[in-house]
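Undergrad: Take this structure first; my questions come after.
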Amino acid sequence: MQPVLFVTVWLVVLSPVTGYPTGAPVARCVDMTPGHNVPSQSSPSPYTIVISTTTFTTNQSIRVTIQGPAYLGLLLQAQSTNTDAVGTWDTPPPNTQYLACSNNSQSAITHSNKISKNSETTYTWIPPDSIQSAFIRATVVANRTTFWVNITSERLSRGAAAEVKMAITPVVFLTLLTSLAFQ
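Okay, here's the thing in structure tokens:
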């Protein structure tokens, strides 16, 4: 009995913590947990999602950074009212790649290797026509056993498209009229 117990204990101690060094699989899109066989951190996250603006129009690029210490892995999505990823991400920065969540090949970004990323790594999200509001949600992995899930940005809201108006003042009008008259 003791040899069996000894072997069992050593197998548990020596068993590797699984992870995904080349990026999260599609199966992680909904709950956004890494599947590292350890629980996420319950302490407040040292990471914050910073967005370039809180209002958007269709096809406007929104810059997204993850502020905090360097990190090895991530899963980054924009979501609206449920767990479906919305919009698309522009070309992923180095050491990251697209992840096809919600049947959209560019709807999420994950890491592509174990090279460190930092707060200078910028991701670019492009909102779709179909939503009025969204937020950016992330799982950030500091290392295999230290990660935070459900980190969210401020809410983004659709703004009115800026109208370009051209005002012609009397001086501009007379100048144009005069230049046309003397040609």
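Positions -19 to -1, 1 to 164 (mature numbering (1 follows the signal peptide of the UniProt record, and there is no 0)) are the ones given, in order, by the sequence shown.
Glycine included, C-beta positions come from ideal geometry on N, C-alpha and C.
1) Suppose you measure from the CA of Thr91 to the CA of Met13; what does that come to, to the nearest Å?
2) Please identify the residue among Thr35, Ser26, Thr29 whose C-alpha is closest to the C-alpha of Arg136.
3) Spatial neighbours of Ala81 within its chain, please: C-beta separation below 7 Å, excluding the five flanking residues on both sides.
4) Can you look up Val121 in the DSSP assignment and give me helix, strand or coil?
5) Please report the straight-line C-alpha distance between Trp129 and Asp110, rounded to a whole angstrom.
6) Let me know the secondary structure DSSP gives Ala8 once reduced to three states.
7) Considering only the alpha carbon of each residue, which of Ala5, Asp65, Thr72 lies closest to Val45?
8) List the whole-angstrom C-beta distance separating residue 171 from Ala51, where the pair is believed to meet the contact cut-off of C-beta under 8 Å.
9) Is Leu53 near Ala119, with beta carbons less than 8 Å apart?
10) Measuring straight from C-alpha to C-alpha, what distance separates Val31 and Gln48?
11) Just to confirm, are Ile117 and Thr133 a CB contact at a threshold of 8 Å?
TA: Short version:
1) Numbered from its first residue, the sequence shown carries residue 91 at position 110. Numbered from its first residue, the sequence shown carries residue 13 at position 32. If you take the alpha carbons of Thr91 and Met13, they lie about 11 Å apart.
2) The count along the sequence shown starts at 1 and reaches residue 136 at position 155. For the residues Thr35, Ser26, Thr29, the minimum Cα distance to Arg136 belongs to Thr35.
3) The residue labelled residue 81 in the question sits at position 100 within the sequence shown. Result list for Ala81: Val7, Ser88, in chain order.
4) The residue labelled residue 121 in the question sits at position 140 within the sequence shown. Three-state DSSP puts Val121 in a strand.
5) Looking up residue 129 in the sequence shown gives position 148. Looking up residue 110 in the sequence shown gives position 129. A straight-line Cα-Cα distance of about 30 Å links Trp129 and Asp110.
6) Sequence index remark: in the sequence shown, residue 8 carries index 27 (1-based). Helix.
7) In the sequence shown, residue 45 corresponds to position 64, counting from 1. Of Ala5, Asp65, Thr72, the residue nearest in Cα terms is Thr72.
8) Here the chain comprises residues numbered -19 to 164, so residue 171 is not present and cannot be evaluated.
9) Translated into the one-based positions of the sequence shown, residue 53 becomes position 72. Translated into the one-based positions of the sequence shown, residue 119 becomes position 138. It is not a contact, given that the beta carbons lie outside the stated cut-off.
10) Translated into the one-based positions of the sequence shown, residue 31 becomes position 50. Translated into the one-based positions of the sequence shown, residue 48 becomes position 67. So the alpha carbons of these two residues sit roughly 7 Å apart.
11) For the purposes of this step, residue 117 is taken as residue 136 along the sequence shown, with counting starting at 1. For the purposes of this step, residue 133 is taken as residue 152 along the sequence shown, with counting starting at 1. Against a cut-off of 8 Å, the Cβ pair of Thr133 and Ile117 comes out as a contact.
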